[in-house]
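Peer 1:
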Amino acid sequence: FWYWCTDQHIVQRVLGQQKGESDDVVMKRARRGSIAAGYFKILPVFMFLIPGMVAVALAQNPDSGIVMDLANQHDTDGAFAMMVKNILPAGVKGLVTIGFICALVTSLAAFFNSCATLFTEDFYKPMRQGKSEAHYVFVGRVATVVVVLLGLAWLPIMMNMDNLYSYLQDIQSLLAPAMVAVFTLGIFSKKITPKAGEWGLIGGFLIGMLRLVTNVITKSGNAVMEGSFWEATSWFWQTNWLIFEIWLLVFLIVLMVVVSCFTPKPSAQQIEAITFTGSYKKLIRKSWNKWDVIASLGVVLLCALFYAYFW
2 FWYWCTDQHI VQRVLGQQKG ESDDVVMKRA RRGSIAAGYF KILPVFMFLI PGMVAVALAQ
62 NPDSGIVMDL ANQHDTDGAF AMMVKNILPA GVKGLVTIGF ICALVTSLAA FFNSCATLFT
122 EDFYKPMRQG KSEAHYVFVG RVATVVVVLL GLAWLPIMMN MDNLYSYLQD IQSLLAPAMV
182 AVFTLGIFSK KITPKAGEWG LIGGFLIGML RLVTNVITKS GNAVMEGSFW EATSWFWQTN
242 WLIFEIWLLV FLIVLMVVVS CFTPKPSAQQ IEAITFTGSY KKLIRKSWNK WDVIASLGVV
302 LLCALFYAYF W
């Protein structure tokens, strides 16, 4: 939910509008494009999950050419590269490598563009108004360079933590609860106040960053930490990331409800176009038909079949 529905570079692509287009046309195209993306998103099962299972099986055969220490979580990060190197023929090997590099570059370009846009439009431009468009473009490029440098500086820390997949899921579990709480309550409730949303985002960010710091220190909860402080706080830094994000989501929802009881309520004009209960849902209804529902159910059915097969 938080990634596909609130991530800036996803939303920016989906809701792109050409000059003169009506809102219902944009929403119809966005919905059908998202449904199509749902079908394509099933492909990583064949690109990552199944090759990983094959790699584990081949690693137990000394004649396969796949040398991997299954007990070493960092060693398993190279499973896909070893599969491509040792199993695929030369021509297919090049195509697969180029395809993944192109996908990586495209994702990074979209991410950097989103970071530059967010910083320039939401932070820099309100503070430095009246500048030329060329100036703002230059600031966006500088912001992109800074983000790249920060990413490079973070690499040694990332390599010192868990395996790559677990690390990515752990990081997302720190960001997702605040986004889900704020957007879900904001869309489906008229009683949540702006201050409650602000507190939810700030509280989720601070708790998430504290958990991230403890992950770095404790190597994602796998290190043996001695002392009364670490023993008393083991519920915080040693809890599985799935359980942690559930409890963090519950805490943030309760926090936002409590804050809403003591802060000014939003006006009808403020919430009219952003709550699901507003008149905006008439426009939403115009943008879909039975074929959108059938296509969406197809995605759900495929996911259910995959879960049933691999359970």
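Once you know that position 288 of the sequence shown is 289 in this note's numbering, the rest is easy, because the numbers rise by one and skip nothing. Backbone N, C-alpha and C define an ideal beta-carbon position, used for all residues, glycine too. Since the model is a prediction, treat every value here as computed from it, not as a measurement.
1) Could you give the residue range of the alpha helix (DSSP H) that holds residue 50?
2) Using a threshold of 7 Å, state whether the C-beta atoms of residue 44 and residue 31 are closer than that.
3) Counting beta carbon pairs with one atom in the region 191-200 and one in the region 220-232, are three or more of them shorter than 8 Å?
4) If distances are taken between C-alpha atoms only, which option among 190, 232, 194 and 172 comes closest to residue 208?
5) Please classify residue 22 as buried or exposed, where buried requires at least 16 neighbouring CB atoms within 10 angstroms.
6) Drop a sphere of 10 angstroms on the beta-carbon of residue 121, count the other beta-carbons inside from all chains shown, and report buried for 16 or more, exposed for fewer.
7) Once the 5 residues before and after residue 33 are set aside, which same chain residues still bring their CB inside 7 Å of it?
8) Considering only the alpha carbon of each residue, which of 170, 154, 260 and 104 lies closest to residue 244?
9) From residue 82 to residue 101, what distance separates their C-alpha atoms?
10) Quick one: Cα of residue 166 to Cα of residue 286, how far?
11) Scan the region 81-162 and note each continuous alpha helix (DSSP H) run of 4 residues or more that stays entirely inside, going in chain order.
12) To the nearest angstrom, how far is it from the Cα of residue 299 to the Cα of residue 159?
13) Do residue 10 and residue 111 have their C-beta atoms within less than 7 Å of each other?
14) Using only CA atoms, which one of 269, 54, 220 and 55 lies nearest to residue 157?
15) When you compare each of 150, 263 and 8 to residue 108 by their alpha carbons, which one comes out closest?
16) Using a Cβ-Cβ distance cut-off of 7 Å, determine whether residue 57 contacts chain D.
17) Within a Cβ cutoff of 8 Å, which residues of the same chain sit near residue 85, ignoring the five residues on either side of it in sequence?
18) Using a threshold of 7 Å, state whether the C-beta atoms of residue 117 and residue 135 are closer than that.
19) Compare the Cα-Cα distances from residue 137 to each of 148, 149, 151 and 119 and report the closest residue.
20) Using only the alpha-carbon positions, how far apart do residue 217 and residue 295 sit?
21) Quick check: the Cα distance between residue 37 and residue 224, rounded to an integer number of angstroms?
22) By the three-class DSSP mapping on this structure, what secondary structure does residue 276 have?
23) Should residue 266 be counted as a contact of the ligand SAM given a C-beta to heavy atom distance under 6 Å?
24) When the Cα of residue 88 is compared with those of 56, 127, 149 and 113, which residue comes out closest?
25) With a cut-off of 8 Å on the beta carbons, I'd call residue 213 and residue 179 a contact; round off their distance for me.
26) According to the neighbour-count rule (16 or more other Cβ atoms, all chains shown, within 10 Å of its Cβ), is residue 267 buried or exposed?
Peer 2: Taking the coordinates as given:
1) As a position in the sequence shown, residue 50 is number 49, starting the count at 1. Run containing residue 50: none; DSSP gives neither H nor E here.
2) The residue given as residue 44 occupies position 43 in the sequence shown. The residue given as residue 31 occupies position 30 in the sequence shown. Not in contact: residue 44 and residue 31 (Cβ atoms no closer than 7 Å).
3) no
4) Numbered from 1 along the sequence shown, position 207 holds the residue referred to as residue 208. Of the candidates 190, 232, 194 and 172, the one whose C-alpha sits nearest the C-alpha of residue 208 is 172.
5) Within the sequence shown, numbered from 1, the residue matching residue 22 stands at position 21. Exposed, since its Cβ has fewer than 16 Cβ neighbours within 10 Å.
6) Position 120 of the sequence shown, counted from the start, is the residue given in the question as residue 121. Its Cβ being crowded by 16 or more others within 10 Å, residue 121 is buried.
7) Residue numbering aside, residue 33 sits at position 32 when the sequence shown is read from its first letter. So the list reads 293, once near-sequence residues are dropped.
8) The residue given as residue 244 occupies position 243 in the sequence shown. Comparing Cα-Cα distances from residue 244 to each of 170, 154, 260 and 104, the minimum goes to 170.
9) Start at 1 with the first residue of the sequence shown, and residue 82 comes out as number 81. Start at 1 with the first residue of the sequence shown, and residue 101 comes out as number 100. Going from the Cα of residue 82 to the Cα of residue 101 covers about 11 Å.
10) For this step, residue 166 is matched to residue 165 along the sequence shown. For this step, residue 286 is matched to residue 285 along the sequence shown. Near 38 Å, if we compare the C-alpha coordinates of residue 286 and residue 166.
11) 91-119 and 134-160
12) Here residue 299 refers to the residue found at position 298 when the sequence shown is read from its first residue. Here residue 159 refers to the residue found at position 158 when the sequence shown is read from its first residue. Those two C-alpha atoms are separated by around 37 Å.
13) Translated into positions along the sequence shown, residue 10 becomes position 9. Translated into positions along the sequence shown, residue 111 becomes position 110. Cβ atoms of residue 10 and residue 111: closer than 7 Å.
14) In the sequence shown, residue 157 corresponds to position 156, counting from 1. Selected option, being the one with the closest Cα: 220.
15) In the sequence shown, the residue the question calls residue 108 occupies position 107. Per the Cα distances, 8.
16) The chain labelled as chain D is not found in the depicted structure, where only one protein chain is given.
17) Start at 1 with the first residue of the sequence shown, and residue 85 comes out as number 84. Excluding sequence neighbours, residue 85 sits near 94, 97 and 98.
18) The residue labelled residue 117 in the question sits at position 116 within the sequence shown. The residue labelled residue 135 in the question sits at position 134 within the sequence shown. No, these two residues do not count as a Cβ contact at 7 Å.
19) Sequence index remark: in the sequence shown, residue 137 carries index 136 (1-based). The option with the nearest alpha carbon to residue 137 is 119.
20) Taking the first residue of the sequence shown as 1, we reach residue 217 at position 216. Taking the first residue of the sequence shown as 1, we reach residue 295 at position 294. Approximately 45 Å, taken between the alpha carbons.
21) Numbered from 1 along the sequence shown, position 36 holds the residue referred to as residue 37. Numbered from 1 along the sequence shown, position 223 holds the residue referred to as residue 224. Taking the straight line from one Cα to the other gives about 43 Å.
22) What you label residue 276 is simply residue 275 of the sequence shown in a count that begins at 1. Three-state result, residue 276: coil.
23) No copy of the ligand SAM appears in this structure; indeed no ligand is present at all.
24) Your numbering for residue 88 matches position 87 in the sequence shown. Residue 88 has its Cα closest to that of 56, out of 56, 127, 149 and 113.
25) For the purposes of this step, residue 213 is identified with residue 212 of the sequence shown, where counting begins at 1. For the purposes of this step, residue 179 is identified with residue 178 of the sequence shown, where counting begins at 1. So it is not a contact: roughly 13 Å between Cβ atoms.
26) By 1-based counting over the sequence shown, the position of residue 267 is 266. Counting Cβ neighbours within 10 Å, residue 267 comes out buried, since at least 16 surround it.
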